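Accompanying notes for the structure given below.
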Amino acid sequence: MLSALPRWPVAIAALLLAGCATLGQQPQATVAPELYQQHLASLSAIQGFSIDGRIGVQTDGKGFSGSTLWQHTVLGDQIALFSPLGSQVASISTTPEGVTLTTSDGKTYHAQDAASLTQQNLGWSLPMKGLPDWVLGRPTNSVVELTQWDEAGNLVRLKQDGWDIEYAQYIAVKGYLLPGKVTLRSLKANLKLIIEQWHMTDESPVLHEVK
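In this note's numbering, the protein residues as written are 385 to 595.
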């Protein structure tokens with residue numbers, strides 16, 4: 385009698401399980417869709433930028449929240465960190481020769497990479513090796529573990545160099561689609577960056593409101 389029962393429920397269940405397994409597989413960065421490639425190609429024209437925004441960091445028993453001004457060029461970066469009340473906490477300068485960090489009391493520190501320098505002096509790590517690319521919504525040239533993108537070809541998730549990066553919002557800036565909110569997570573820290581103002585190289589400031 386059992387063998388006479390209809391088998392279509394079993395077949396449907398098998399299809400549903402197969403569908404769940406397919407949905408659980410994340411697209412990899414080896415072959416990106418056409419729109420994603422077009423989006424990356426458009427970003428390649430950006431040689432420099434500056435942003436005004438807010439930054440929040442949570443790590444082992446320590447944290448930071450405030451505002452930031454960041455200028456990026458092909459030669460390096462200049463970053464200023466401010467407390468919620470507006471006083472400058474630190475400034476960070478990166479060049480091909482190394483990184484310099486100056487604290488609010490005027491002390492200056494030097495290192496070869498920003499991640500270790502900020503960890504030692506601020507208590508949390510700022511991943512400047514990849515951040516100039518990540519904030520634009522693109523991976524660096526190093527190995528990519530995972531990518532996810534939306535129907536327009538914009539990254540919504542990226543795993544690279546020990547960081548899990550999520551993009552919650554994109555905004556139009558002078559013909560580009562650029563992130564408005566970026567969240568980075570590693571085993572030791574969570575970092576959120578909200579861009580309130582984009583400035584493109586040789587262009588006037590571009591304002592947008594982040595809700």
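Ideal Cβ placement from N, Cα and C applies to all residues, glycine included. These numbers come from a predicted model, not from an experiment.
Within the model, the alpha-carbon separation for ARG541 versus GLN442 is close to 20 Å. The beta carbon of ILE439 is closer than 6 Å to those of THR452, LEU577 in its chain, skipping five residues each way along the sequence. The segment 529-543 and the segment 474-491 do not touch, with fewer than three beta-carbon pairs separated by less than 8 Å. With the rule of 3 Cβ pairs closer than 8 Å, the segment 507-515 counts as touching the segment 563-574.
ALA536 carries a coil assignment under DSSP once its states are collapsed to helix, strand and coil.
Residue burial annotation: THR502 is buried, with at least 16 other C-beta atoms found within 10 angstroms of its C-beta.
For GLU580, the three-state secondary structure derived from DSSP is strand.
In this chain, the beta strand (DSSP E) harbouring LEU453 covers 446-457. If you draw a straight line from the Cα of SER434 to the Cα of ASN525, it is about 22 Å long.
Counting C-beta pairs closer than 8 Å gives three or more between the segment 536-553 and the segment 413-432, which meets the contact rule.
Cβ-Cβ distances below 6 Å link GLN455 to SER434, GLN462 in the same chain, with the five nearest sequence neighbours on each side left out; the list follows chain order. THR457 places its beta carbon 9 Å or farther from that of THR567. If you draw a 10 Å sphere on the C-beta of LYS446, you find fewer than 16 other C-beta atoms in it, and that means exposed.
DSSP places SER500 in the helix class (H, G or I) of the three-state scheme. Between GLY559 and ILE579, the C-beta spacing is not below 9 Å. Shown here for THR478: same chain residues with a beta carbon closer than 7 Å to its own, the five before and five after excluded, namely GLY460, ASP461, ALA498, MET512 in chain order. Taking every protein chain shown into account, the CB of GLN496 has fewer than 16 other CB atoms within 10 angstroms, so this residue is exposed.
SER426 sits in a helix when the DSSP states are folded into three classes.
When only Cα atoms are considered, LEU427 and PRO516 end up about 12 Å apart.
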